[in-house]
Amino acid sequence: CYRCLVPDIPPDAETCARVGIVGALPGMIGSMMALEAIKHITGAGDTLDGRIFLFDGLAAEARTLRLPRDPACPACGG
């Protein structure tokens with residue numbers, strides 16, 4: 002989960018509220034995550050389990066990275 006990657010958010014971290022966000026981006030990523038949910042439910046295709054999806058809207062580039070679970074993670078329990 003994301004919290005395995007970033008266990009503690011720094012108080013000075015940038016936020017969407019502070020730096021803004023392009024309106025089309027949440028819809029696009031939301032559609033992709035809905036597809037992920039459908040894949041989990043139906044067992045179709047390859048899911049993002051154990052990986053994190055990164056999308057740079059300004060560069061129109063996407064990639065995935067392996068994300069090891071943290072056994073001490075308070076969100077998912079590893």
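Our numbering puts the sequence shown at residues 2 to 79. Note that beta-carbon positions come from the ideal geometry of N, C-alpha and C, so glycine has one too.
Buried versus exposed, by CB contacts within 10 Å (16 or more), residue i
i    : result
Cys5 : buried
Sequence-distant residues of the same chain with beta carbon closer than 6 Å to residue i, five excluded per side
i     : result
Gly46 : Lys40
Asp71 : Cys5, Gly79
8 Å CB neighbourhood of residue i in its chain, flanking five on each side removed
i     : result
Ile10 : none
Thr65 : Leu49, Arg52, Ile53, Phe54, Leu55
Identity of the residues DSSP links to residue i by a beta bridge
i     : result
Ile53 : Leu66
Euclidean distance between Cα positions of residue i and residue j
i     : j     : result
Tyr3  : Leu49 : 12 Å
Leu36 : Ile22 : 22 Å
Leu83 : Ala61 : Residue 83 is absent from the structure shown; the chain starts at 2 and stops at 79.
Thr43 : Pro69 : 25 Å
Q. What are the start and end residues of each continuous alpha helix (DSSP H) run of 4 or more residues lying completely inside the region 6-37, in chain order?
A. Listed in chain order, the complete alpha helix (DSSP H) runs (minimum 4 residues) inside the region 6-37 are 17-20.
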